[in-house]
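Peer 1: Let me give you the structure first, and then I'll get to my questions.
Protein chains: 2
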Amino acid sequence: MDKPERKPEAPFRSFGDYRWDEVPLLAYKEEGAAPFKAITRQVLFQNPELACEMRYFEVAPGGYSTLERHQHSHGVMILRGAADVLVGSQIRAVKTFDLVHIPPMTWHQFRTTGEEPMGFVCMVNAARDKPQLPTADELEVLKSDPVIAAFLG
Amino acid sequence: MDKPERKPEAPFRSFGDYRWDEVPLLAYKEEGAAPFKAITRQVLFQNPELACEMRYFEVAPGGYSTLERHQHSHGVMILRGAADVLVGSQIRAVKTFDLVHIPPMTWHQFRTTGEEPMGFVCMVNAARDKPQLPTADELEVLKSDPVIAAFLG
Numbered sequence: 000m001d002k003p004e005r006k007p008e009a010p011f012r013s014f015g016d017y018r019w020d021e022v023p024l025l026a027y028k029e030e031g032a033a034p035f036k037a038i039t040r041q042v043l044f045q046n047p048e049l050a051c052e053m054r055y056f057e058v059a060p061g062g063y064s065t066l067e068r069h070q071h072s073h074g075v076m077i078l079r080g081a082a083d084v085l086v087g088s089q090i091r092a093v094k095t096f097d098l099v100h101i102p103p104m105t106w107h108q109f110r111t112t113g114e115e116p117m118g119f120v121c122m123v124n125a126a127r128d129k130p131q132l133p134t135a136d137e138l139e140v141l142k143s144d145p146v147i148a149a150f151l152g
Numbered sequence: 000m001d002k003p004e005r006k007p008e009a010p011f012r013s014f015g016d017y018r019w020d021e022v023p024l025l026a027y028k029e030e031g032a033a034p035f036k037a038i039t040r041q042v043l044f045q046n047p048e049l050a051c052e053m054r055y056f057e058v059a060p061g062g063y064s065t066l067e068r069h070q071h072s073h074g075v076m077i078l079r080g081a082a083d084v085l086v087g088s089q090i091r092a093v094k095t096f097d098l099v100h101i102p103p104m105t106w107h108q109f110r111t112t113g114e115e116p117m118g119f120v121c122m123v124n125a126a127r128d129k130p131q132l133p134t135a136d137e138l139e140v141l142k143s144d145p146v147i148a149a150f151l152g
């Protein structure tokens, strides 16, 4: 997939209040593209020399990421706050510096818990496929597990 | 380069005291391979689905990484503590969640400051070249800048 041109990162970019020098605060996804709530995105590393990108996503209290799957994989580290996370058929409570690995074609969703924003970095291949949303049938199958049904709300 | 076989990461691995479930504490490099002091390495994400790896390095107070350069690039985020970092001809003080980008063929070194260990995650291409150490002549050139000479000690 073509990526928009982006100038190389400066050697040093400082952190302050979950923002970084020169890093714009972006929408999580195009509005209406998929169901999600209260998330922002910041691209921390994205340049032609690196085969992966590192993004920072922040979910406000009560927010959640899109329930989706894709061929590409995610390597996630929580940076702040707490969430319940669905990966395949497992749901786990996570907190700062915990790791989450999303294998290929595995349904996943992050939902904040508690009163604080939940932020995480996500490492992902620069060349990757588009996420898939569950069909009504696939959602039915997922929700046949009462724990997952309760998680999805 | 061939990488040793490694089983896929579990979906969830918890953090505690700068260690992670199932993640072994490794030597930074082979002893005697290059100059460095007081560093450990933990590989947080390394699997065939991801084109990059994420490693966590921790440098004890007074420690430092190898002064080196290579064709591959690094995307670094500080997780704890503080350091002075050399990238090319720039030296900067960094602290938790600051970002450091090491471009190709750029001399770099991390040196802790303060009384705390300094830890950082480093994103790097899975396929990469071997680091180069400076020759005596290259070291001479680097040290012709008095600020860099003082940094290198």
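Protein chains in written order, with numbering that gives the first Met the number 0: chain A, 0 to 152; chain B, 0 to 152.
Where is the CB? At the ideal position from N, CA and C, for every residue including glycine.
These numbers come from a predicted model, not from an experiment.
Pick from L151/B, E29/B, F96/B and I90/B: whose alpha carbon is nearest that of V120/B?
Peer 2: Here the question's residue 120/B lines up with position 121 in the second sequence. Residue F96/B is the option with its Cα nearest to V120/B.
Peer 1: What's the call for E8/B, buried or exposed, on a 16-neighbour Cβ count within 10 Å?
Peer 2: For the purposes of this step, residue 8/B is identified with residue 9 of the second sequence, where counting begins at 1. Per the 10 Å Cβ criterion, buried.
Peer 1: Looking at the strands, I want to know which residues DSSP matches up with D83/A.
Peer 2: The residue you call residue 83/A lines up with position 84 of the first sequence. In the DSSP output, where bridge partners are listed per residue, D83/A has A92/A and R110/A.
Peer 1: Does the CB of C121/B have a neighbour CB from chain A at under 8 Å?
Peer 2: Here residue 121/B is taken as the residue at index 122 of the second sequence, counted from 1. No - not a single Cβ of chain A is within 8 Å of the one on C121/B.
Peer 1: Taking 8 Å as the CB-CB cut-off, is A50/A touching chain C?
Peer 2: Absent from the structure: chain C. Protein chains present are A and B.
Peer 1: Would L98/A count as contacting chain B if we go by Cβ distances under 8 Å?
Peer 2: By one-based count along the first sequence, residue 98/A stands at place 99. Cβ-Cβ to chain B under 8 Å: yes for L98/A.
Peer 1: Using 8 Å as the threshold, is the C-beta distance between G113/B and G80/B below it?
Peer 2: Here residue 113/B refers to the residue found at position 114 of the second sequence. Here residue 80/B refers to the residue found at position 81 of the second sequence. Yes, Cβ-Cβ distance for G113/B and G80/B is below 8 Å.
Peer 1: Show which residues of chain A have a CB atom less than 7 Å away from the CB atom of W19/B.
Peer 2: On the second sequence, position 20 is the one that residue 19/B refers to. In chain order: L98.
Peer 1: Could you list which residues in chain B have their beta carbon closer than 7 Å to that of S13/A, in chain order?
Peer 2: Counted from its first residue, the first sequence places residue 13/A at position 14. By Cβ distance, chain B contributes D97.
Peer 1: What residues in its chain sit with their C-beta under 8 Å from that of L25/B, if we drop five residues either side in the sequence?
Peer 2: In the second sequence, residue 25/B corresponds to position 26, counting from 1. Once the five neighbours on either side are set aside, the close Cβ partners of L25/B are T39, R40, Q41 and V42.
Peer 1: What beta strand (DSSP E) runs, 3 residues minimum, are completely inside the stretch 23-56 of chain A?
Peer 2: As far as the stretch 23-56 of chain A is concerned, its whole beta strand (DSSP E) runs of at least 3 residues are 36-44.
Peer 1: Check each candidate in P130/B, K94/B, I147/B and A125/B and name the one with the smallest Cα separation from M117/B.
Peer 2: What you label residue 117/B is simply residue 118 of the second sequence in a count that begins at 1. Ranking the options by Cα distance to M117/B, first place goes to K94/B.
Peer 1: Under 9 Å between beta-carbons, which chain B residues line up against V42/A? List them in chain order, please.
Peer 2: Counting from 1 along the first sequence, the entry for residue 42/A is found at position 43. Result: empty, since nearest Cβ-Cβ is about 11 Å, beyond 9 Å.
Peer 1: What does R91/B reach in chain A if we use C-beta pairs closer than 7 Å?
Peer 2: Position 92 of the second sequence, counting from 1, holds the residue named residue 91/B. By Cβ distance, chain A contributes F11.
Peer 1: Does the contact criterion of 3 or more C-beta pairs under 8 Å hold for the stretch 43-54 of chain B versus the stretch 14-31 of chain A?
Peer 2: With the cut-off at 8 Å, the stretch 43-54 of chain B and the stretch 14-31 of chain A do not touch.
Peer 1: In whole angstroms, give me the CA-to-CA distance for M104/B and V123/A.
Peer 2: By one-based count along the second sequence, residue 104/B stands at place 105. By one-based count along the first sequence, residue 123/A stands at place 124. Roughly 24 Å between the two C-alpha positions.
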